[in-house]
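Asks: Protein chains in written order, with my numbering: chain A, 3 to 485; chain B, 6 to 133; chain C, -11 to 436.
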Amino acid sequence: MELIFEKSVEGRRGFLNPCLDVDVKASIPSHLKRAKDCQFPQVSELDVVRHFTNLSKMNYSVDANFYPLGSCTMKYNPRFTESIACMKGFTDVHPLLPQLKKGELLTQGSLEVLYEMDRLLCEITAMDSFTMQPLAGAHGELTGLMMMAAYHKAKGNNKKYIIVPDSSHGTNPATAAIAGYEIISINSDKTGVMDIEELKSKLSDEVAGLMLTCPNTHGIFNSDIKKISEMIHAVDGLMYYDGANLNAVLGRCRPGDIGFDVMHVNLHKTFATPHGGGGPGSGPVGVNKKLIPFLPISRVIKNSSGKYELDYDYPESIGYVASFYGNFSIILRAYAYILYLGKQGLIETSNNAVLNANYLKERLKERFELAYDRICMHESVFSASRQVENGVHATDIAKFLIDKGCHPPTIYFPLTVKEAIMIEPTETESKKAMDEFVDAMFEADDLSRKNPKEFADLPKTTPVSRPDEVKAARELNANYFAE
Amino acid sequence: MEIVEHLMYTKDHEWVLVEDGIATIGITDYAQSSLGDITFIELPSVGDEAEQFGEIVSVESVKAASDVFSPISGRVVEINTELETDPALINRSPYEKGWLAKIEIADKEELSNLMTAEEYENFLDSVG
Amino acid sequence: MFSYIANTKKEQEEMLAVIGVDSIEELFSDIKPEHSPKSFNLPKGKSEFEVVEYFRKLALKNSSELIPFIGGGYYDHYVPSVVSSLMSRGEFFTAYTPYQPECSQGTLQALYEYQSAICTMTNMEISNASLYDGGTALYEAAMMAFRITKRKKILIDGGVSPIFKKILKTYTSNLDFEFNETEVVHGTADRKKMYALLDKDTAAVIVQNPNFFGAIDDYTDIVEKAHAAGALVIESVYPISLGLLKTPGEMDVDIVTGEGQSLGLSLNFGGPYLGFMATKKKYARKMPGRIVGQTTDKNGKRCFVNTLQAREQHIRREKATSNICTNVALCALQSIIYMSVIGKNGFKELAQLNLDKAEFAKSVIDKIEGVEVKRSSPTFNEFTVHLPVDASIVVERMIGRGFAAGFPLGRYYKGMEKYMIIVVTEKRTKEEILNYAKALEEVLKVKN
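(1) Does the segment 127 to 147 of chain C touch the segment 115 to 123 of chain A, meaning 3 or more C-beta pairs lie closer than 8 Å?
(2) Determine the direct distance from the alpha carbon of A/SER112 to that of C/LEU186, and round the result to whole angstroms.
(3) So C/PHE395 and C/GLY59 are supposed to be a Cβ contact under 8 Å. How far apart are they, rounded?
(4) Could you name the residues of chain C that B/GLU65 contacts, counting a contact when the two beta carbons are closer than 7 Å?
(5) Using three-state DSSP, classify C/HIS374 as helix, strand or coil.
(6) To the nearest whole angstrom, what separates the beta carbons of C/GLY258 and A/PRO97, a pair I think is in contact under 8 Å?
(7) Which whole-angstrom value is the C-beta distance of A/ILE126 and C/LEU30, which I expect to be below 8 Å?
(8) Quick check on C/GLY61: buried or exposed, where buried means 16 or more other Cβ atoms within 10 Å of its Cβ?
(9) Tell me where the alpha helix (DSSP H) around B/GLN57 begins and ends.
(10) I need the straight-line Cα distance from A/LYS455 to A/VAL394, nearest angstrom please.
(11) Go through the segment 94 to 125 of chain B residue by residue and report every complete run of the beta strand (DSSP E) that reaches 3 residues or more, in order.
(12) Find the residues of chain C that neighbour B/PHE4, judging by a C-beta separation of less than 7 Å, and give them in chain order.
(13) Could you tell me whether the segment 302 to 319 of chain A touches the segment 271 to 280 of chain A, where touching means 3 or more Cβ pairs closer than 8 Å?
(14) In this structure, how does DSSP classify C/LEU262 when only helix, strand and coil are distinguished?
(15) Mind listing, in chain order, the continuous alpha helix (DSSP H) runs of no fewer than 4 residues lying wholly within the segment 92 to 161 of chain C?
(16) My output table needs one value for C/PHE16: the three-state DSSP class, helix, strand or coil.
(17) Please check if any C-beta of chain B sits within less than 9 Å of the C-beta of C/LYS307.
(18) Please tell me whether A/PHE326 and A/ALA152 are closer than 9 Å, where the distance is taken between their beta carbons.
(19) Taking the runs of the beta strand (DSSP E) that are 3 residues or longer, which of them lie wholly in the segment 111 to 186 of chain A?
(20) Among A/ASN19, A/ALA66, A/PRO80, A/VAL51, which one has its Cα closest to the Cα of A/PRO276?
(21) Residues in the segment 472 to 485 of chain A with C-beta within 7 Å of chain B's C-beta atoms, listed in sequence order?
(22) Considering just the uninterrupted stretch of the beta strand (DSSP E) at C/GLN282, what are its terminal residues?
(23) Less than 6 Å between C-beta atoms, sequence neighbours within five positions excluded: which residues of the same chain meet that for B/TYR100?
(24) With A/PRO465 and C/GLN93 assumed to form a contact (beta carbons below 8 Å), what rounded beta-carbon distance in angstroms separates them?
(25) Would you be able to state if there are at least three C-beta pairs under 8 Å between the segment 244 to 252 of chain C and the segment 289 to 307 of chain C?
(26) Suppose you measure from the CA of C/PHE37 to the CA of A/ILE340; what does that come to, to the nearest Å?
(27) Do you know offhand how far C/THR(-4)'s Cα is from A/GLN346's?
(28) With a cut-off of 8 Å, do at least 3 Cβ pairs link the segment 181 to 189 of chain A to the segment 347 to 366 of chain C?
(29) For the pair the segment 32 to 45 of chain B and the segment 458 to 475 of chain A, tell me if three or more CB-CB distances fall below 8 Å.
(30) Can the beta-carbon of B/GLN57 be found less than 9 Å from the beta-carbon of B/ILE77?
(31) Nearest to A/GLY221 by alpha carbon, out of A/ALA386, A/VAL251, A/VAL302?
(32) Note down the Cα distance separating A/THR109 from C/ASN50, rounded to an integer number of angstroms.
(33) Within 9 Å (strictly less), CB to CB, does B/ALA36 reach chain A?
(34) Could you tell me the distance, in whole angstroms, from the CA atom of C/GLN0 to the CA atom of A/LEU357?
(35) In terms of residue numbering, what span does the beta strand (DSSP E) encompassing C/VAL71 cover?
(36) Please state whether the Cβ-Cβ distance between A/GLU429 and C/ILE7 is less than 9 Å.
Written as structure tokens, this is what we have:
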């Protein structure tokens, strides 16, 4: 499809600005003006509508396709939360308003959302206080790590290392490094959880903490989690809970109850806010009492007269981690989702996320190598190792699934499983949708044995076939206007 | 996998050719083939000090990034600038046109920490 | 109680039978009693109607009727209806990061177009596919400068947003980096002080255009001096101003960042917003965030992919250029739709319109007794005024008259309690501006 710039016609207009109603024609000194015109396209409004409508049709999405992308929790995004997020009373509020004198009185609605969401998340996770500022999961990790660093600094602890398991999300070690720590990686044992003996051998007084998802990226809940947290706490380390997989344990287990000190929640996963083609996300961070002094500012408090206000007076705070109070309209959607589902709805959510994942796992394991053959939580990890024997790799199976109208699972992650295929159906998918997926997977397996060469030409039904990624990287072209 | 007789090797799949106190370094055929199509190489600058087994070059393919470790300590005296425009040279000719850098050897004794071609071949067999 | 679960009781039982367990409880057997929640005291679920009603009432507790003359980096611009109507298409809204390019060409092409638009807007060579917001983008730019130069010091002009400066401070407090700030003189960058501090340890100089006080500048001279010292220059820009102003590319700036909220996003009480970043091609591999590149498929057809992924956390883990995973693709989409519909000529006119209206407001406000519009530097659509009394009190009183009058500088600058910044966008009518001036005049007459 043509680029929007290629549809440009000199002189064509798509929009009329408001009229100039003042009698001023101002100018700025010429040395401050741009010499080269900005080449935004010259197109009509219909050109724009048609262009982006047609582009949208080239995407697979939860709205149109089964989307079992492991570790990403691609559940249905309820529409009523959109109508709430679009209410003018929320969209038009300037973020600096509550920072004016008495300005908080003009934003009581929005401040209440932030305050009440904090209370709800505390109850869901057994943390003592949340900051809503982090703008995505990885941003939450960084916020958490900086608070951990501030905690150790305040106590005069000399800490150098963050421990992560080898199955962790890439963001965990990347975050720890950016926060100034070195990484100790611990291998998984044969049951798919962190090797506790190895942990013991690598633990020292210089360990600042451990970052862990629980259940982990193999979809397994670590029954030794309390023992692990005792070991970490024994060296005054802190336990960081990566909330990426919280969708598995709502009402079943709360991170704060099992020894975690700090955590983030990915609202775009567990609490059904849209993934938007890669963000915006939202990653509120919760802490227990140990870390409350270090939470970012501002904080939303309720004063003695029952009004909400911003409070900046926390001398030990790590400071500002975002410009304002977080991705407000995402937090708003998640808050609405929690109120709608309520306690029982959230429990049912996890129940069915786990039921669906186990069902898929049981059905698929007949044909595909299951990395860890045991009960799983919200997701399970397979390997394409049996198909590889016929020269068919995880990526080939993914392309086959695209032709079946299904978004492929996560592949080649976690790194601990060769040729990994990581499947997370989520609770909102029906048995029928999953059965169709199983049929497609079995067909892929059939084809891998009958005619493995055919995979190289897949997918065939999409607007483009397999892209040349080597060319993309070697002959970098990321800008239409580049000379 | 091609292994060249007169070179020395490391466990991280680098090779080194020693001539007149200058070490020419590169990555082995095994390394280039497991990395796949190489898309970019970040070379050191002439004058940089390399440390034996310290990171010296970073090599990228589409789905991986790997550090290359210097087989020997010393000062970088020349780099293969052709790789900047044609990184695929490493894939096509890992032992000749795809060399990475030349290093003025600081300590000849360090050569004893490296493997001969035969030892490297056995090492490759052992890692499967 | 409702939770969007499709399966009926009967289907659930069929599934349990396939798994070979009797109940859902059994699936949670790895979670031992010792892991059980000590409480899970949440409210009962509600109907959709009840929830929507609750939020309708909550929204009324915000005041959205104030006429905004407040900016500070976040602006009330008109967003054409077509923007939200297109970006809310489920095919964009409910997709994720384009890991599978064949079934994500919609998002990928839109992001390529977004990157190209950011490049032509700033006259830079390469842009990434977005970062969280303007403040965190500036932090990422500083980290990028440290990586490129391997130096440890940053010089920051006092005209950079105080909010951004606080963010920079937070992120680097645990790292071995040094920040030196030079205060503005006559509202713009103090070259003399800056050059005195510029040395061989300086990784970058950070400037902003227009600066927080509204002044516009040409930083070409600073760029030359910085480059001579082997340092980079990072410029934070306000997109709409680039319809008129000299671009970072024209000044030979190395890294450009900015808050993209004004490119078609609502104010939304602080987010989600859009951080953008562009740089020179030679620094592409040091740039954080996703980058979409053009290539061809096996039939030679043009297509788009995430490229240079080897920089990113999912491959390089602790050696990645940044820890960013999710960015703000949907906001980038929103802005490319906005930039497309505004178009080349509309963009230029929009900038001129903002300038004209702001100049009109300046002339009107300047006539009020005791109020002085600072005119030491030219401005775009935001400017600084000096008031005879504490600005925060004036702003408070103006709220009572239906105006968000501006942002009092005393909030972030000691000694500037009598100053505030005022913005006038294309949405402010002549009538609103005149009423504003009248209200301000009256408010200043009120005795304490």
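By construction, the Cβ of each residue, glycine as well, lies at the ideal position given by its N, Cα and C atoms.
Replies: So, from the data block:
(1) no
(2) The residue labelled residue 186 of chain C in the question sits at position 198 within the third sequence. The residue labelled residue 112 of chain A in the question sits at position 110 within the first sequence. The straight-line gap from Cα to Cα measures roughly 44 Å.
(3) As a working mapping, residue 395 of chain C is identified with position 407 in the third sequence. As a working mapping, residue 59 of chain C is identified with position 71 in the third sequence. That pair is a contact at about 7 Å.
(4) Counting from one through the second sequence, the residue named residue 65 of chain B turns up at place 60. Here the neighbours are ALA298.
(5) Taking the first residue of the third sequence as 1, we reach residue 374 of chain C at position 386. If DSSP states are grouped into helix, strand and coil, C/HIS374 belongs with the strands.
(6) Translated into positions along the third sequence, residue 258 of chain C becomes position 270. Translated into positions along the first sequence, residue 97 of chain A becomes position 95. With 8 Å as the limit, C/GLY258 and A/PRO97 qualify as a contact, their Cβ atoms being about 4 Å apart.
(7) Taking the first residue of the first sequence as 1, we reach residue 126 of chain A at position 124. Taking the first residue of the third sequence as 1, we reach residue 30 of chain C at position 42. Indeed, because the Cβ distance is near 7 Å, the residues count as touching under 8 Å.
(8) Within the third sequence, the letter at position 73 stands for residue 61 of chain C. Label assigned to C/GLY61: buried.
(9) On the second sequence, residue 57 of chain B is found 52 positions in, with the first residue counted as 1. Where B/GLN57 is concerned, there is no enclosing alpha helix (DSSP H), given that its DSSP letter is neither H nor E.
(10) Here residue 455 of chain A refers to the residue found at position 453 when the first sequence is read from its first residue. Here residue 394 of chain A refers to the residue found at position 392 when the first sequence is read from its first residue. Distance between the alpha carbons of A/LYS455 and A/VAL394 is about 8 Å.
(11) 106 to 110
(12) Nothing about residue 4 of chain B can be reported from this structure: the residues present for chain B run from 6 to 133 only.
(13) no
(14) For the purposes of this step, residue 262 of chain C is taken as residue 274 along the third sequence, with counting starting at 1. Looking at C/LEU262 - three-state DSSP - the assignment turns out to be coil, as it is neither helix nor strand.
(15) 93 to 110, 122 to 137, 150 to 160
(16) Locating residue 16 of chain C in the third sequence gives position 28, where the first residue counts as 1. Residue state, collapsed to three classes: coil.
(17) Translated into the one-based positions of the third sequence, residue 307 of chain C becomes position 319. With 9 Å as the cut-off, C/LYS307 counts as an interface residue toward chain B.
(18) Counted from its first residue, the first sequence places residue 326 of chain A at position 324. Counted from its first residue, the first sequence places residue 152 of chain A at position 150. Contact: no.
(19) 131 to 133, 163 to 167
(20) Counting from 1 along the first sequence, the entry for residue 276 of chain A is found at position 274. Nearest option by C-alpha distance: A/PRO80.
(21) VAL472, ALA475, ARG476
(22) The sequence position of residue 282 of chain C within the third sequence is 294, counting from 1. That run of the beta strand (DSSP E) goes 279 to 284.
(23) Mapped onto the second sequence, residue 100 of chain B falls at position 95. Cβ within range, chain order: VAL9.
(24) Position 463 of the first sequence, counting from 1, holds the residue named residue 465 of chain A. Position 105 of the third sequence, counting from 1, holds the residue named residue 93 of chain C. Between C/GLN93 and A/PRO465 the Cβ distance is about 6 Å, and since that is below 8 Å, they are a contact.
(25) no
(26) As a first step, residue 37 of chain C must be located in the third sequence, where it is residue number 49. As a first step, residue 340 of chain A must be located in the first sequence, where it is residue number 338. Whole-angstrom Cα-Cα distance: 14 Å.
(27) Here residue -4 of chain C refers to the residue found at position 8 when the third sequence is read from its first residue. Here residue 346 of chain A refers to the residue found at position 344 when the first sequence is read from its first residue. Near 16 Å, if we compare the C-alpha coordinates of A/GLN346 and C/THR(-4).
(28) no
(29) yes
(30) As a working note, residue 57 of chain B is residue 52 in the second sequence. As a working note, residue 77 of chain B is residue 72 in the second sequence. Contact flag set, yes.
(31) Residue 221 of chain A sits at position 219 when you count from the first residue of the first sequence. With distances taken between Cα atoms, A/GLY221 lies closest to A/VAL251.
(32) Taking the first sequence and counting its residues from 1, one reaches residue 109 of chain A at position 107. Taking the third sequence and counting its residues from 1, one reaches residue 50 of chain C at position 62. Roughly 4 Å separates the two Cα atoms.
(33) As a position in the second sequence, residue 36 of chain B is number 31, starting the count at 1. No, B/ALA36 lies away from the interface with chain A (no Cβ there is under 9 Å from its Cβ).
(34) The sequence position of residue 0 of chain C within the third sequence is 12, counting from 1. The sequence position of residue 357 of chain A within the first sequence is 355, counting from 1. About 8 Å.
(35) Within the third sequence, numbered from 1, the residue matching residue 71 of chain C stands at position 83. Element bounds for C/VAL71: not the beta strand (DSSP E) but the alpha helix (DSSP H), 69 to 75.
(36) On the first sequence, position 427 is the one that residue 429 of chain A refers to. On the third sequence, position 19 is the one that residue 7 of chain C refers to. It is not a contact, given that the beta carbons lie outside the stated cut-off.
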